[in-house]
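K.L.:
The numbers in my numbering rise by one with no breaks, and the one at position 137 of the sequence shown is 141. The beta-carbon is built from N, C-alpha and C at its ideal position, and this holds for glycine as well.
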Amino acid sequence: MSSHVSDKPDTDFDSLLPPLTLDRRGFLVTSLAGGFAVAAGAVQAQTAIQTPTQGLVAGEVKIPVRDGDLPAYRAAPEGKRNAPVVLVIQEIFGVHEYIKDVCRRLAHLGYYAVAPEMFARQGDPSQIKDIPTLQREIVSKVSDEQVMADLDAVVAWAGQQGGDAKRLGITGFCWGGRITWLYAAHNPNLKAGVAWYGRLVGDTDPLHPAHPVDVAARLHAPVLGLYGGQDAGIPVTSINTMKDALGKGSPAAQASSFLLYKDAPHAFHADYRPSYRKAEAEAGWQRMQEWFAKSLR
């Protein structure tokens with residue numbers, strides 16, 4: 005697969021970008037970190053999955069956005085053009101080895117997978133030692149407006165690089181699960197989303213004016229929610245509230261669905277952490293494949 009820009013997609017993605025107000029200080033993070041994020045805790049080496057790059061074009065790329073170049077990880081089938089594009093949205097820990105590996109897994113399934121570092125302007129999440137500091141110093145400062153605009157730019161770039169941006173999917177984990185729901189309400193060209201245990205309700209603020217429950221009725225693409233019944237931070241009551249909102253919404257909203265793994269905790273797919281549950285993670289991954297196959301193949 006060529007890495008040069010060619011054959012721009014028919015859709016004018018730049019016209020979809022909302023007006024965006026950003027400071028011009030530039031990017032604090034210009035390249036991706038290696039290994040795993042410190043705040044995520046000790047890596048469970050015996051379960052952490054390591055997917056090879058054979059048969060793939062895989063590695064770090066720089067994606068032009070409105071105020072600079074956004075670092076990202078890209079993995080795609082080698083020699084294959086027009087593979088469906090899947091955005092992979094990080095946890096609060098940034099684009100570290102786990103997220104990169106998810107991209108490689110998707111690429112081996114035939115997708116053009118891209119994981120942009122959504123916190124690049126705010127700082128490097130990989131080296132912060134604890135979750136409260138990470139939340140306070142970086143995550144809380146990342147606006148939803150910024151994220152939506154960056155993802156639109158990533159989609160346009162992927163289409164220019166040989167991916168098929170008309171067959172567009174998104175999946176995200178934890179923080180990225182919430183973003184998956186929001187992006188499904190933002191981009192009318194999205195075909196499918198899979199949200200892994202993303203927060204659905206919560207308090208709002210100027211940088212985060214809405215949560216998934218607030219935009220549920222106007223989804224452009226159906227979303228599959230994969231959640232754990234033992235997730236202390238996402239109670240089942242919030243899932244039921246989201247289901248009610250989806251049921252009153254657009255056709256895509258009504259076509260959305262939840263799978264609740266009753267014995268699974270939060271982050272049950274994160275194979276490098278103690279929260280990993282192999283059976284539920286593999287079952288969810290299979291259901292994600294089936295969900296994408298319906299709309300992206």
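Using only the alpha-carbon positions, how far apart do L228 and Q131 sit?
P.N.:
The alpha-carbon atoms of L228 and Q131 are separated by roughly 32 Å.
K.L.:
In chain order, what residues of the same chain lie with their CB nearer than 6 Å to the CB of I142, ignoring the 5 residues before and after it?
P.N.:
So the qualifying residues of the chain are F123, Q126, G127, P129.
K.L.:
Taking only the alpha-carbon atoms, compute the straight-line gap between V89 and G237 and give it to the nearest angstrom.
P.N.:
Roughly 30 Å between the two C-alpha positions.
K.L.:
Taking the alpha-carbon positions, what's the G114 to V106 distance?
P.N.:
Answer to the nearest angstrom: the Cα atoms are 13 Å apart.
K.L.:
Using beta-carbon positions only, say whether A221 and G253 come within less than 8 Å of one another.
P.N.:
Yes. Within cutoff.
K.L.:
Inspect the CB distances between the region 173 to 183 and the region 290 to 301 and report whether three or more fall short of 8 Å.
P.N.:
Verdict: yes, contact present.
K.L.:
Between the region 175 to 189 and the region 253 to 273, are three or more C-beta pairs nearer than 8 Å?
P.N.:
They touch, by the three-pair rule.
K.L.:
So P120 is in the alpha helix (DSSP H); what residue range does that whole segment cover?
P.N.:
Element bounds for P120: not the alpha helix (DSSP H) but the beta strand (DSSP E), 116 to 120.
K.L.:
Out of curiosity, what's the CA-to-CA distance linking R277 and L138?
P.N.:
So the alpha carbons of these two residues sit roughly 17 Å apart.
K.L.:
Could you say if the region 200 to 209 and the region 242 to 251 meet the contact criterion of at least three C-beta pairs nearer than 8 Å?
P.N.:
Segments in contact, yes.
K.L.:
Whole angstroms is fine: what's the gap from R281's alpha carbon to F272's?
P.N.:
The alpha-carbon atoms of R281 and F272 are separated by roughly 5 Å.
K.L.:
With distance defined between alpha-carbon atoms, name the residue in Y231, Q234, D218, Y265 nearest to D248.
P.N.:
The residue with the shortest Cα to Cα distance from D248 is D218.
K.L.:
Under a Cβ-count criterion, where at least 16 other Cβ atoms within 10 Å of its own Cβ denotes burial, should K266 be classed as buried or exposed?
P.N.:
Answer is exposed; the Cβ neighbour count stays below 16.
K.L.:
Between which two residues does the alpha helix (DSSP H) carrying D154 extend?
P.N.:
First-last of the alpha helix (DSSP H) with D154: 148 to 164.
K.L.:
What first and last residue would you give for the beta strand (DSSP E) that runs through S130?
P.N.:
S130 -> no beta strand (DSSP E), and no H or E assigned at all.
K.L.:
How would you call R4, buried or exposed, if buried means at least 16 neighbouring beta carbons within 10 angstroms?
P.N.:
Residue coverage of the chain in this structure runs from 5 to 301, which leaves residue 4 outside it and unanswerable.
K.L.:
Measuring CB to CB, does Q82 end up less than 8 Å from L60?
P.N.:
First, the residue type needs correcting, since residue 82 is Glu and not Gln in the sequence shown. Contact: yes.
K.L.:
Identify, in the order they occur along the chain, each residue of the same chain with its Cβ nearer than 6 Å to the Cβ of G39, setting aside the five sequence neighbours on each side.
P.N.:
Excluding residues within five positions, the ones whose Cβ falls inside 6 Å are E101.
K.L.:
Considering only the beta carbon of each residue, do A79 and I67 sit closer than 8 Å?
P.N.:
Not in contact: A79 and I67 (Cβ atoms no closer than 8 Å).
K.L.:
Tell me the DSSP secondary structure of D218 in three-state form.
P.N.:
Three-state DSSP puts D218 in a helix.
K.L.:
How many Å lie between L36 and E64 at the Cα?
P.N.:
Their Cα atoms are separated by approximately 7 Å.
K.L.:
Could you say which of L230, H215, C178 lies nearest to I103 if we only look at CA atoms?
P.N.:
Checking every option, the nearest Cα to that of I103 belongs to C178.
K.L.:
Among the residues of its own chain, which have a CB less than 7 Å from the CB of V47, if the five just before and after it don't count?
P.N.:
F40, Y276, listed in sequence order.
K.L.:
Here's the rule: buried if 16 or more other CB atoms are within 10 angstroms of the residue's CB, otherwise exposed. What is G232?
P.N.:
With 16 or more other Cβ atoms within 10 Å, it is buried.
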